[in-house]
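If you read the sequence shown in my numbering, its first letter stands for residue 140, the second for the next number, and so on.
The beta carbon of each residue, even a glycine, is placed where N, CA and C say it ideally should be.
None of these values were measured; they are calculated from a predicted model.
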Amino acid sequence: MKTFCKKLNRETLDESIKQLSLQKSIAIPCLDEKERLSFIAAADSLNYRPAKSITGSPNAPVYQDFELCYDLPPTNIFWNLACFLESYVRRTLKNLDIVRHSNFRFNDLIVQRYLPGCAGITPHRDHLKYEILVAIIVLSGDGNFIVCDDRAGAGSEIIKALPGDLLLMLAPGLPSSEIRPFHYVSGISKTRRTVGLRYDSHA
(Lines of atoms letter the chains of each structure in order from A and count residues from 1; the text may use other names and numbers.)
(Lines give C-alpha, C1' and ligand atoms only; values in the text may rest on other atoms or scores of the structure.)
Protein backbone atom coordinates (compact mmCIF):
# COMPACT_ATOMS: atom_id res chain seq x y z
CA MET A 1 0.00 0.00 0.00
CA LYS A 2 1.27 3.45 -0.91
CA THR A 3 2.18 5.59 2.08
CA PHE A 4 0.30 8.85 2.67
CA CYS A 5 -0.30 11.26 5.54
CA LYS A 6 3.37 11.99 6.25
CA LYS A 7 2.54 14.33 9.15
CA LEU A 8 0.00 12.05 10.82
CA ASN A 9 1.26 10.78 14.16
CA ARG A 10 -0.34 7.49 15.24
CA GLU A 11 -0.27 8.33 18.94
CA THR A 12 -1.91 11.69 18.26
CA LEU A 13 -4.58 9.99 16.15
CA ASP A 14 -5.23 7.43 18.91
CA GLU A 15 -5.60 10.09 21.57
CA SER A 16 -7.78 12.29 19.35
CA ILE A 17 -10.24 9.48 18.63
CA LYS A 18 -10.41 8.71 22.37
CA GLN A 19 -11.28 12.36 23.03
CA LEU A 20 -14.04 12.61 20.42
CA SER A 21 -16.82 11.62 22.81
CA LEU A 22 -15.98 14.71 24.84
CA GLN A 23 -14.98 17.22 22.17
CA LYS A 24 -17.21 16.30 19.17
CA SER A 25 -14.52 17.35 16.68
CA ILE A 26 -10.72 17.64 16.66
CA ALA A 27 -8.17 18.66 14.02
CA ILE A 28 -4.65 17.22 13.78
CA PRO A 29 -1.77 17.50 11.25
CA CYS A 30 -1.96 15.00 8.41
CA LEU A 31 -0.46 15.93 5.01
CA ASP A 32 2.95 17.42 4.34
CA GLU A 33 3.25 20.23 1.79
CA LYS A 34 4.27 18.01 -1.12
CA GLU A 35 1.30 15.70 -0.53
CA ARG A 36 -1.07 18.60 -0.10
CA LEU A 37 -0.11 20.21 -3.41
CA SER A 38 -0.36 16.86 -5.17
CA PHE A 39 -3.87 16.29 -3.84
CA ILE A 40 -4.91 19.83 -4.83
CA ALA A 41 -3.87 19.03 -8.40
CA ALA A 42 -5.83 15.77 -8.22
CA ALA A 43 -8.87 17.59 -6.87
CA ASP A 44 -8.75 20.18 -9.63
CA SER A 45 -8.76 17.43 -12.27
CA LEU A 46 -12.19 16.21 -11.13
CA ASN A 47 -15.58 17.08 -12.60
CA TYR A 48 -17.70 18.98 -10.09
CA ARG A 49 -21.38 19.78 -9.92
CA PRO A 50 -23.14 22.36 -7.75
CA ALA A 51 -24.60 21.04 -4.53
CA LYS A 52 -28.38 21.15 -4.28
CA SER A 53 -29.09 24.62 -2.92
CA ILE A 54 -31.67 23.44 -0.37
CA THR A 55 -31.78 19.95 1.10
CA GLY A 56 -33.23 18.31 4.20
CA SER A 57 -36.88 18.34 5.24
CA PRO A 58 -39.30 21.28 4.85
CA ASN A 59 -39.22 21.74 8.62
CA ALA A 60 -35.42 21.58 8.81
CA PRO A 61 -33.95 22.92 5.55
CA VAL A 62 -30.19 22.95 4.99
CA TYR A 63 -28.77 25.59 2.65
CA GLN A 64 -25.75 24.62 0.57
CA ASP A 65 -23.42 26.67 -1.61
CA PHE A 66 -20.44 24.65 -2.82
CA GLU A 67 -19.35 22.21 -5.53
CA LEU A 68 -18.92 18.47 -5.11
CA CYS A 69 -17.67 15.32 -6.79
CA TYR A 70 -18.93 11.92 -5.66
CA ASP A 71 -18.19 9.86 -8.75
CA LEU A 72 -14.59 8.80 -8.29
CA PRO A 73 -13.43 5.50 -9.81
CA PRO A 74 -11.92 2.92 -7.41
CA THR A 75 -8.48 3.58 -8.91
CA ASN A 76 -8.55 7.29 -8.06
CA ILE A 77 -5.78 8.46 -5.73
CA PHE A 78 -8.34 9.72 -3.21
CA TRP A 79 -9.57 6.16 -2.67
CA ASN A 80 -5.95 5.15 -2.08
CA LEU A 81 -5.74 7.88 0.53
CA ALA A 82 -8.98 6.63 2.10
CA CYS A 83 -7.66 3.06 2.34
CA PHE A 84 -4.44 4.21 3.96
CA LEU A 85 -6.18 6.35 6.55
CA GLU A 86 -8.74 3.61 7.17
CA SER A 87 -5.95 1.21 8.18
CA TYR A 88 -4.78 3.67 10.84
CA VAL A 89 -8.28 4.29 12.18
CA ARG A 90 -9.21 0.60 12.28
CA ARG A 91 -6.18 -0.14 14.44
CA THR A 92 -7.22 2.55 16.90
CA LEU A 93 -10.81 1.30 16.98
CA LYS A 94 -9.60 -2.23 17.68
CA ASN A 95 -7.45 -0.97 20.55
CA LEU A 96 -10.46 0.88 21.96
CA ASP A 97 -12.46 -2.36 21.75
CA ILE A 98 -15.14 -0.81 19.52
CA VAL A 99 -17.59 -3.65 18.86
CA ARG A 100 -18.09 -2.75 15.21
CA HIS A 101 -14.45 -2.01 14.39
CA SER A 102 -14.15 -5.02 12.07
CA ASN A 103 -16.92 -3.62 9.85
CA PHE A 104 -15.49 -0.11 9.71
CA ARG A 105 -14.30 1.14 6.35
CA PHE A 106 -14.26 4.44 4.52
CA ASN A 107 -16.75 3.48 1.82
CA ASP A 108 -18.22 6.95 1.25
CA LEU A 109 -15.94 9.58 -0.29
CA ILE A 110 -16.74 13.11 -1.40
CA VAL A 111 -14.46 15.87 -2.66
CA GLN A 112 -15.86 19.36 -2.08
CA ARG A 113 -14.83 22.75 -3.38
CA TYR A 114 -15.96 26.00 -1.79
CA LEU A 115 -15.30 29.03 -3.99
CA PRO A 116 -14.39 32.46 -2.55
CA GLY A 117 -17.45 34.26 -1.25
CA CYS A 118 -19.71 31.21 -1.21
CA ALA A 119 -22.10 30.71 1.71
CA GLY A 120 -20.83 27.22 2.57
CA ILE A 121 -23.43 25.10 4.36
CA THR A 122 -25.78 25.89 7.23
CA PRO A 123 -25.98 23.88 10.50
CA HIS A 124 -26.96 20.26 9.91
CA ARG A 125 -26.30 16.72 11.09
CA ASP A 126 -24.95 13.85 9.01
CA HIS A 127 -27.28 10.98 8.13
CA LEU A 128 -27.79 8.24 10.72
CA LYS A 129 -26.21 5.71 8.37
CA TYR A 130 -22.79 7.31 8.92
CA GLU A 131 -21.24 5.69 11.98
CA ILE A 132 -18.22 5.77 14.33
CA LEU A 133 -16.43 8.85 12.98
CA VAL A 134 -16.20 11.27 10.07
CA ALA A 135 -12.83 12.28 8.62
CA ILE A 136 -12.34 15.46 6.59
CA ILE A 137 -8.98 16.36 5.09
CA VAL A 138 -8.52 20.07 4.40
CA LEU A 139 -6.49 20.53 1.23
CA SER A 140 -6.60 24.30 0.78
CA GLY A 141 -8.24 27.60 1.53
CA ASP A 142 -9.75 29.19 4.59
CA GLY A 143 -13.19 29.24 6.11
CA ASN A 144 -14.39 27.81 9.39
CA PHE A 145 -15.58 24.33 10.29
CA ILE A 146 -17.91 24.84 13.22
CA VAL A 147 -19.73 22.48 15.58
CA CYS A 148 -22.82 23.70 17.41
CA ASP A 149 -25.77 22.57 19.51
CA ASP A 150 -28.70 23.04 17.13
CA ARG A 151 -29.82 24.24 13.69
CA ALA A 152 -29.80 27.84 14.89
CA GLY A 153 -26.06 27.63 15.57
CA ALA A 154 -26.26 27.95 19.35
CA GLY A 155 -23.05 27.13 21.17
CA SER A 156 -20.96 27.47 18.02
CA GLU A 157 -17.33 26.39 18.36
CA ILE A 158 -14.78 26.83 15.58
CA ILE A 159 -12.54 23.79 15.11
CA LYS A 160 -9.29 25.31 13.93
CA ALA A 161 -8.00 23.35 10.94
CA LEU A 162 -5.27 24.48 8.57
CA PRO A 163 -4.66 23.20 5.03
CA GLY A 164 -3.10 19.76 5.43
CA ASP A 165 -4.98 19.00 8.65
CA LEU A 166 -7.32 16.09 9.33
CA LEU A 167 -10.64 16.95 10.94
CA LEU A 168 -12.23 14.17 12.96
CA MET A 169 -15.88 14.37 13.98
CA LEU A 170 -17.88 12.17 16.30
CA ALA A 171 -20.57 9.85 14.90
CA PRO A 172 -22.79 7.16 16.47
CA GLY A 173 -20.86 4.05 17.44
CA LEU A 174 -17.98 5.40 19.49
CA PRO A 175 -18.04 4.47 23.21
CA SER A 176 -20.77 6.19 25.23
CA SER A 177 -22.07 8.15 22.27
CA GLU A 178 -24.92 8.15 19.82
CA ILE A 179 -24.37 11.83 19.10
CA ARG A 180 -24.51 13.33 15.62
CA PRO A 181 -23.04 16.80 16.07
CA PHE A 182 -24.58 19.76 14.31
CA HIS A 183 -21.92 21.42 12.18
CA TYR A 184 -21.50 23.96 9.40
CA VAL A 185 -18.95 25.69 7.17
CA SER A 186 -18.74 29.45 6.61
CA GLY A 187 -16.39 32.37 6.07
CA ILE A 188 -14.74 31.30 2.81
CA SER A 189 -12.55 33.90 1.09
CA LYS A 190 -10.03 31.54 -0.53
CA THR A 191 -10.88 28.37 -2.46
CA ARG A 192 -11.46 25.64 0.11
CA ARG A 193 -10.96 22.06 -1.03
CA THR A 194 -11.78 19.15 1.26
CA VAL A 195 -11.98 15.37 1.11
CA GLY A 196 -14.74 13.82 3.22
CA LEU A 197 -14.49 10.18 4.32
CA ARG A 198 -17.32 8.33 6.04
CA TYR A 199 -18.40 4.82 7.00
CA ASP A 200 -21.83 4.17 5.50
CA SER A 201 -23.15 1.32 7.65
CA HIS A 202 -26.02 0.70 5.20
CA ALA A 203 -23.83 0.12 2.15
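The Cβ atoms of I298 and F284 lie closer than 7 Å to each other.
One thing to note: P302 has its Cβ within 7 Å of the Cβ of V277. Within the same chain, Cβ atoms closer than 7 Å to the Cβ of D304 are found at A166, I167, P168, C169, V277, the five residues on either side in sequence being excluded. Between S164 and V324, the CB-CB gap reaches or exceeds 7 Å. In this structure, the CA atom of E150 is about 43 Å from the CA atom of P197.
Around the CB of I275, 16 or more other CB atoms lie within 10 Å, so the residue is classed as buried. Look at L235 here: in three-state DSSP terms it is coil, with no helix or strand label.
Counting C-beta pairs with one atom in each stretch, the stretch 253–267 and the stretch 203–212 have three or more that are closer than 8 Å, which means they touch. Closest option to Y253, judged by alpha-carbon separation, among A182, S295, L313: A182. The residue from T142, G282, K146, S160 with its alpha-carbon nearest to that of E317 is S160. Distance from the CA of E174 to the CA of F143, rounded to the nearest whole angstrom, comes to 8 Å.
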